[in-house]
Amino acid sequence: MRPGSDTAVILAWLHLIIRDRAYDAEFVARHCTGLAELAEHVKPFTPEWAAAQAEVDVGTLVRAYELIRAARPAVLVHPGRHVTWYGEVDTQRARAQAILTALLGAFWRPGGIYRPETPSLADYPSPDYPEPPPNVDQAAGRYPFAKEVSTTGLRDATRSGKPYPIKGWYVHGTNLIQAMPNIHHTLEAIAQLELLVVCDVMPTEITAWADVLLPECTYLERYDDLFVGSGKRPYIGLRQPVVTTPYDTRPAHRIAKELARELGVGDYFAWGSFEEYLEARLAGSGTTLAELRRTGVHFPAPTVAPYLAPDEEPHWHTPSGKVELFSQQLAEKGFAPLPVYVAQPAPPQGWFRLTYGRSPLHTFGRTQNNEVLFDVSPTNCLWLNPCCADALGVVSGGPVMVENDHGDVTGPLPARISERVQKHTVYMVHGFGHRAPGMTVACCNGGSDTAVIDNYAIDPITGSTGMRVQFVRVRPADPQTEAKPCGTA
Amino acid sequence: MRYGMMIELDHCIGCQACVTACKERWDSGPGAARDWVMTFTHGERGKDLGLTFYPGLCNHCDDHPCTADCPTGATYADEHGVVVVDPQVCIGCGNCVSACPYGARHADPRKGIVEKCNFCAPYVARGEAPACVATCLAECRHFGDLDDLDSEVRRLIAARGAKPLTTEAINIGPQVYYAPAAERLQVLAQGVVQNYRSTLFTHTWESVTRPLARWAVAPAVVAVGVAGFLVNLRARKHVEPAPASPPSAELPRTLPRHRAGMRFLHWFNVLSWTLLLVSGTFLFSTPRFALFGTSLPAWLAEVAGSRASLLWFHAAWGVLWAGITIPLFLIFKRGGIEALREVWPTYDDLRWLWVKPLVMLGLTTEPLPPQGKYNFGQKLFAISAVAGTALIVASGVVMTFHLGPAEVVRAAILVHKLAVMLALLGIAVHVTMAAIIVEERPALWSMIVGEIDTEHARAHNRAWVEELREQGHDGPRGER
Numbered sequence: 008m009r010p011g012s013d014t015a016v017i018l019a020w021l022h023l024i025i026r027d028r029a030y031d032a033e034f035v036a037r038h039c040t041g042l043a044e045l046a047e048h049v050k051p052f053t054p055e056w057a058a059a060q061a062e063v064d065v066g067t068l069v070r071a072y073e074l075i076r077a078a079r080p081a082v083l084v085h086p087g088r089h090v091t092w093y094g095e096v097d098t099q100r101a102r103a104q105a106i107l108t109a110l111l112g113a114f115w116r117p118g119g120i121y122r123p124e125t126p127s128l129a130d131y132p133s134p135d136y137p138e139p140p141p142n143v144d145q146a147a148g149r150y151p152f153a154k155e156v157s158t159t160g161l162r163d164a165t166r167s168g169k170p171y172p173i174k175g176w177y178v179h180g181t182n183l184i185q186a187m188p189n190i191h192h193t194l195e196a197i198a199q200l201e202l203l204v205v206c207d208v209m210p211t212e213i214t215a216w217a218d219v220l221l222p223e224c225t226y227l228e229r230y231d232d233l234f235v236g237s238g239k240r241p242y243i244g245l246r247q248p249v250v251t252t253p254y255d256t257r258p259a260h261r262i263a264k265e266l267a268r269e270l271g272v273g274d275y276f277a278w279g280s281f282e283e284y285l286e287a288r289l290a291g292s293g294t295t296l297a298e299l300r301r302t303g304v305h306f307p308a309p310t311v312a313p314y315l316a317p318d319e320e321p322h323w324h325t326p327s328g329k330v331e332l333f334s335q336q337l338a339e340k341g342f343a344p345l346p347v348y349v350a351q352p353a354p355p356q357g358w359f360r361l362t363y364g365r366s367p368l369h370t371f372g373r374t375q376n377n378e379v380l381f382d383v384s385p386t387n388c389l390w391l392n393p394c395c396a397d398a399l400g401v402v403s404g405g406p407v408m409v410e411n412d413h414g415d416v417t418g419p420l421p422a423r424i425s426e427r428v429q430k431h432t433v434y435m436v437h438g439f440g441h442r443a444p445g446m447t448v449a450c451c452n453g454g455s456d457t458a459v460i461d462n463y464a465i466d467p468i469t470g471s472t473g474m475r476v477q478f479v480r481v482r483p484a485d486p487q488t489e490a491k492p493c494g495t496a
Numbered sequence: 345m346r347y348g349m350m351i352e353l354d355h356c357i358g359c360q361a362c363v364t365a366c367k368e369r370w371d372s373g374p375g376a377a378r379d380w381v382m383t384f385t386h387g388e389r390g391k392d393l394g395l396t397f398y399p400g401l402c403n404h405c406d407d408h409p410c411t412a413d414c415p416t417g418a419t420y421a422d423e424h425g426v427v428v429v430d431p432q433v434c435i436g437c438g439n440c441v442s443a444c445p446y447g448a449r450h451a452d453p454r455k456g457i458v459e460k461c462n463f464c465a466p467y468v469a470r471g472e473a474p475a476c477v478a479t480c481l482a483e484c485r486h487f488g489d490l491d492d493l494d495s496e497v498r499r500l501i502a503a504r505g506a507k508p509l510t511t512e513a514i515n516i517g518p519q520v521y522y523a524p525a526a527e528r529l530q531v532l533a534q535g536v537v538q539n540y541r542s543t544l545f546t547h548t549w550e551s552v553t554r555p556l557a558r559w560a561v562a563p564a565v566v567a568v569g570v571a572g573f574l575v576n577l578r579a580r581k582h583v584e585p586a587p588a589s590p591p592s593a594e595l596p597r598t599l600p601r602h603r604a605g606m607r608f609l610h611w612f613n614v615l616s617w618t619l620l621l622v623s624g625t626f627l628f629s630t631p632r633f634a635l636f637g638t639s640l641p642a643w644l645a646e647v648a649g650s651r652a653s654l655l656w657f658h659a660a661w662g663v664l665w666a667g668i669t670i671p672l673f674l675i676f677k678r679g680g681i682e683a684l685r686e687v688w689p690t691y692d693d694l695r696w697l698w699v700k701p702l703v704m705l706g707l708t709t710e711p712l713p714p715q716g717k718y719n720f721g722q723k724l725f726a727i728s729a730v731a732g733t734a735l736i737v738a739s740g741v742v743m744t745f746h747l748g749p750a751e752v753v754r755a756a757i758l759v760h761k762l763a764v765m766l767a768l769l770g771i772a773v774h775v776t777m778a779a780i781i782v783e784e785r786p787a788l789w790s791m792i793v794g795e796i797d798t799e800h801a802r803a804h805n806r807a808w809v810e811e812l813r814e815q816g817h818d819g820p821r822g823e824r
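Protein sequences appear in the order of chains A and B. So for the first sequence, my numbering puts the first residue at 8; every next one is plus one. So for the second sequence, my numbering puts the first residue at 345; every next one is plus one.
Structural data, given as structure tokens:
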């Protein structure tokens, strides 16, 4: 599909389901509100309209609908992970997907989305936390539905001093240079800082900017907090060391505890050893640390059924307690209460929309330095539709450079010419293109998407950062000057 | 029990966790892995654009043609039908690699041996699953006993209509089953089953090396021995021609000929050649490579304990042999210069080469041209022995320590064999002369006691004796 057209397709499916009265009438009647408004809203969204938006065959779109219809309620409309791409439309898309699930009666139904259960564990006893001051987003009065403070909000406050100045960052396990769009803004913000502390396992790009570097040991050398697995079968997992630490690196929880002691807030970290902390949390859980050391995982007896009982009247997480197809909450904050579609602009001639994603081999930008994974997947590629490759003089596997309109450039990375990418779009796996010399295996291989993503779109509803709004150009790498990415710099 | 696997192609997500788990378990070197996941994109955008992952591994075929192309017998199918490589016997020649239609073998450059999937045999033997099966997060791999019709793998093969990757032309009984049909056909359409073929090495072995050994070298060795006996018969009818000059009172009855070190070296050489020739010949144990049938190699491997111990013995003795003979030779022969001086041919040598065989066959009574300490036959033998030894040792070192890429190891096998055969021809003449032909017995004796009968020397090494005589009263400057 054309990137950004997902919502159009879902709206067309909603249109068809309501037109054909193919929805789960009982589920909708018992658990949902706002069907009438939704039915009126989706009337214009015909399959033909959606197919044109998505640049797909209308027959395919309708066949997919028929599959969904025949299978209901056993249909999983999963939003995926990392679902902020274009800004406000992302929340609208996510709502459209959830509404589709509701019309199919697939919430907490077999084959649809089950009801997860999270085992409850005691906290380690500590004094009450003081009420923190409003975060920068709250202070600025933005992102009414945000659950956390936004990274771009923190960065902008650091750059501008508004709504209040920020003078220190403590960065843990996040390579901000690769994780955030617009590296220029990140560096501007770092320049304003009085103190930058970085705690990381790998010597990533951000560690080079740190005033204080706190090297953390790897997960194989340390206890971590209990893993509370929420799912169909709830579980408690132990993460325990399997090798002793060969260097003077420490677990993050020990670093935090020792820093807290120095800062006079050691009461919040009152345990002696971390085993003691784990033992205390496991009290009353039905298992012990000694047992978990042996078994690794404990499965407490489930207390919540994953699927709705026939006469169950659950309270859904909304003001009305129902599945709100029409959202009064959004309307009150000035946002569209029913999912709307906004087409993303096509890139100008000669430009491409840069999309990115994950390889199933790698975890973010953290695993490229692993020798085994590197050996199987040493570089990312720039995916390019065959139609555009010829025009650009790019050959399959040949090194290309990717650049944006601010003069930022990344590469060289090999071109992967494939029909799997749409013709106005290029794609690369995120996490490559490391330039930190300490990343001895990964350094200088591939390209970094965030190195050329300067433009981003904040979703005003949630404050999430959308990073698929950057247009880039692609050209073959200059064999003289760009063959070796780390030649001089 | 027959181990096999079933793979659900429609469940595979192409994450290569199987490849990384396998690489870690078997410590595969950079760029190497025993299994693989290929990604095939097919069809046309807007119509039938599709994606198929092909997780592949050794199919553990019923007819494993790959094992036939192994010269040393390092690879074979075990009692569960699992095709394995014995790393103790594999010398890394890589000759089996191209024999697999699925590309399931590779020469690991770091380990210097051929690697392939063994269904994690040692782990399976203690009740664990193969690494790829245990790690597969899509749970698309199923492993088990194909002979057990109630096994999960059998049940799934039936339920999903799984079939192996075979074509009309190539079906060697693979035991990895793939489902469903559409994805399996898509994988096959990508041409993943390739014609298997033998290497230039195999062709050379079959058309040159083995015929040479069977029909040229072995008969020649026998023929030389027989000729020796014929010469003896003939010599009995003829009277030795009288010595050209009367016995000299100036010289003792015997002359010092070989010092003790050289004699040790010689007999150590004899022992080594015997042991290495026998063990080496029968290391080639598989039907395609065995020089004189497979039963003797099998018997010898049994005597040695295993093919691995026979190979170890051959390699260890070879190293010992080279480690003793080469330094000693260089010491005794002053870095080889003396040896060069000793074997340098003279005009009389060339004439001797012509006259000696005629004399031995009784076709002439012409006196032999005067010869130095070594006659030209001995010189020729020495030259071929030294050159042959150098080639044998060099190629043996390549094979023992798996030096270089597989092509180099393969070349080393051929060089080793050809050099042995060449040297063997010389040895046959040498042994016949010394041990069979009665007339030359004093020479054999001199290699045991170190002294040679002066009269014999006068007849055979006149120039040397003259040289000794000229050195006069200081006594003969032999090698003592």
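Idealized CB from N, CA, C, for every residue including glycine.
{"Asked": "Every unbroken alpha helix (DSSP H) inside the stretch 41-115 of chain A [4 residues or more]", "Found": "42-49, 54-61, 65-78 and 95-110"}
{"Asked": "C-beta neighbour in chain A for Ile357 of chain B, strict 8 Å", "Found": "yes"}
{"Asked": "Closest Cα partner of Ser629 of chain B within the set B:Thr416, B:Ser616 and B:Ala652", "Found": "B:Thr416"}
{"Asked": "Three-state secondary structure assigned by DSSP to Leu735 of chain B", "Found": "helix"}
{"Asked": "Within-8 Å CB hit, Pro10 of chain A to chain B", "Found": "no"}
{"Asked": "N- and C-terminal bounds of the beta strand (DSSP E) containing Val219 of chain A", "Found": "Val219 to Pro222"}
{"Asked": "8 Å Cβ cutoff met for Ile173 of chain A and Ile213 of chain A", "Found": "no"}
{"Asked": "Three-state secondary structure assigned by DSSP to Asp255 of chain A", "Found": "coil"}
{"Asked": "DSSP-derived helix/strand/coil call for Arg480 of chain A", "Found": "strand"}
{"Asked": "Per-residue contacts from Gln360 of chain B into chain A (C-beta, under 8 Å)", "Found": "Pro367, Leu368, Val383 and Ser384"}
{"Asked": "Interface flag, Val476 of chain A vs chain B, CB-CB below 8 Å", "Found": "no"}
{"Asked": "C-alpha distance - Glu751 of chain B paired with Tyr691 of chain B, whole-angstrom precision", "Found": "43 Å"}
{"Asked": "Bridge-paired residues (DSSP) for Trp380 of chain B", "Found": "B:Gly400"}
{"Asked": "Segments assigned alpha helix (DSSP H), at least 4 residues, entirely inside the stretch 130-201 of chain A", "Found": "143-147, 158-167, 183-186 and 190-199"}
{"Asked": "Three-way DSSP call (helix, strand, coil) for Tyr540 of chain B in this model", "Found": "coil"}
{"Asked": "Residues near Val84 of chain A in its chain [Cβ-Cβ closer than 6 Å; skip 5 each side]", "Found": "Gln104, Leu107 and Thr108"}
{"Asked": "Assigned exposure category for Ala586 of chain B - 16 Cβ within 10 Å defines buried", "Found": "Low confidence applies to Ala586 of chain B: its pLDDT is 49, below 50, so where it sits in the model is not reliable, and the reading given next is rough at best. So Ala586 of chain B counts as exposed."}
{"Asked": "Whole-number beta carbon distance between Pro248 of chain A and Pro228 of chain A, since they are thought to touch under 8 Å", "Found": "Strictly speaking, residue 228 of chain A in this sequence is Glu, with Pro absent from that position. Sure, about 5 Å apart at Cβ, within 8 Å."}
{"Asked": "Beta-carbon spacing of Asn439 of chain B, Asp422 of chain B below 8 Å", "Found": "no"}
{"Asked": "The stretch 356-368 of chain A contacting the stretch 454-464 of chain A, beta-carbon criterion three pairs below 8 Å", "Found": "yes"}
{"Asked": "Element boundaries [alpha helix (DSSP H), containing Thr479 of chain B]", "Found": "Ala475 to Thr479"}
{"Asked": "CB contact below 8 Å: Thr364 of chain B versus chain A", "Found": "yes"}
{"Asked": "Short Cβ contact (8 Å threshold) for Pro126 of chain A with Tyr275 of chain A", "Found": "no"}
{"Asked": "Buried or exposed (CB count within 10 angstroms, at least 16 for buried), Lys460 of chain B", "Found": "buried"}
{"Asked": "Cutoff 6 Å; reference Pro346 of chain A; Cβ partners in own chain excluding five residues on either side", "Found": "Gln99, Arg102 and Ala103"}
{"Asked": "Collapsed DSSP secondary structure at Ile357 of chain B in the structure displayed", "Found": "coil"}
{"Asked": "Where Asp489 of chain B sits in the DSSP three-state scheme", "Found": "strand"}
{"Asked": "Close-in-space but distant-in-sequence residues of the same chain around Ile501 of chain B (CB under 7 Å, 5 per side omitted)", "Found": "Met350 and Tyr521"}
{"Asked": "Sequence-distant residues of the same chain with beta carbon closer than 6 Å to Ser334 of chain A, five excluded per side", "Found": "Pro344"}
{"Asked": "Closer than 8 Å to chain A by CB, Arg378 of chain B", "Found": "no"}
{"Asked": "Reference Arg122 of chain A, options A:Asn392, A:Asn377, A:Pro321 and A:Gln336, closest by Cα", "Found": "A:Pro321"}
{"Asked": "Within 8 Å, strictly: CB atoms of Ile796 of chain B and Thr618 of chain B", "Found": "no"}
{"Asked": "With 16 other Cβ atoms within 10 Å as the buried cut-off, status of Thr776 of chain B", "Found": "buried"}
{"Asked": "Beta carbon proximity, Arg389 of chain B to chain A, threshold 8 Å", "Found": "yes"}
{"Asked": "Residue ranges of each alpha helix (DSSP H) within the stretch 408-493 of chain A, 4 or longer", "Found": "456-459"}
{"Asked": "Residues bridged to Trp3 of chain A (per DSSP)", "Found": "Residue coverage of chain A in this structure runs from 8 to 496, which leaves residue 3 of chain A outside it and unanswerable."}
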